[in-house]
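Residue numbers (this note's numbering): 14 to 173. In this text, a Cβ means the ideal position worked out from N, Cα and C, and glycines have one as well.
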């Protein structure tokens with residue numbers, strides 16, 4: 014069994030209960046948006062902050078084109094509760110269209126890279142390691158494998 018199959022898969026509506034059961038849980042939500050010749054990864058890292066600046070729940074949102082043709086967009090949202098955080102995320106981007114994966118506690122907002130291919134290789138080691146110096150055809154194949162893996166997870170999400 015691959016690591017990607019082992020990461021618990023959830024929907025946005027399940028997060029409030031999961032956080033009430035275990036305040037230390039962390040999630041990464043993923044969605045791919047393809048337009049013409051651009052493929053962008055929308056990624057959200059969610060945690061209950063151990064030392065909140067203002068509010069206890071925080072989400073780092075990034076939108077990055079796979080090929081790096083434009084600048085990465087990055088946003089940080091905080092909320093008093095997970096329910097309010099989900100409402101804010103819904104206004105930002107249709108949060109129910111994301112695949113939510115529970116990640117190990119070793120993954121932190123300070124250490125996680127939100128670059129598309131590096132993030133996929135971190136979450137799904139079965140894809141292999143990421144090498145930015147690899148030939149273009151290898152990087153293209155890795156991207157296609159990552160997109161196919163996320164589509165498979167999206168299909169699995171409908172069974173939750």
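Check your understanding: With 16 other CB atoms within 10 Å as the buried threshold, where does residue 16 fall?
Key -> Note that residue 16 has pLDDT 47, beneath the 50 cutoff, so the model's placement of it is unreliable and no number is given.
Review point. How long is the line joining the alpha carbons of residue 172 and residue 166, rounded to whole angstroms?
Key: 10 Å
**Study point:** Beta-carbon proximity list for residue 143, same chain, < 6 Å, skipping 5 on both sides
**Key:** 130, 131 and 134
Exercise for review: Check whether the segment 115 to 130 touches the segment 91 to 103, taking contact to mean three or more Cβ pairs, one atom from each stretch, closer than 8 Å.
Suggested key: no
Exercise for review: Please list the segments of the beta strand (DSSP E) lying wholly inside the segment 24 to 94, counting only runs of 3 or more residues, in order along the chain.
Suggested key: 39 to 48, 51 to 61, 70 to 78 and 86 to 92
Review point. Do you know offhand how far residue 170's Cα is from residue 27's?
Key: 12 Å
Review point. Within the chosen definition, does the segment 83 to 93 reach the segment 30 to 41 through at least 3 CB pairs nearer than 8 Å?
Key: no
Exercise for review: Quick one: residues in its chain with C-beta nearer than 7 Å to the C-beta of residue 161, no 5 flanking neighbours on either side, listed in chain order?
Suggested key: none
Check your understanding: With 16 other CB atoms within 10 Å as the buried threshold, where does residue 164 fall?
Key -> exposed
Review point. According to the Cβ coordinates, are residue 57 and residue 36 closer than 8 Å?
Key: no
Check your understanding: Taking just the CA atoms, how far does residue 87 sit from residue 127?
Key -> 10 Å
Check your understanding: Taking residue 77 as the reference, which of 51, 39 and 66 has the closest Cα?
Key -> 51
Check your understanding: Apart from the five residues just before and just after residue 108, which ones in its own chain have a Cβ nearer than 7 Å to its Cβ?
Key -> 25, 99 and 102
Check your understanding: residue 120 lies in the alpha helix (DSSP H); which residues open and close that run?
Key -> That residue, residue 120, is in no alpha helix (DSSP H); it is neither H nor E in DSSP.
Point to revise | residue 156 versus 23, 47 and 22, residue with shortest Cα-Cα distance | key: 47
**Study point:** residue 110 vs residue 44 beta-carbon contact at 8 Å
**Key:** yes
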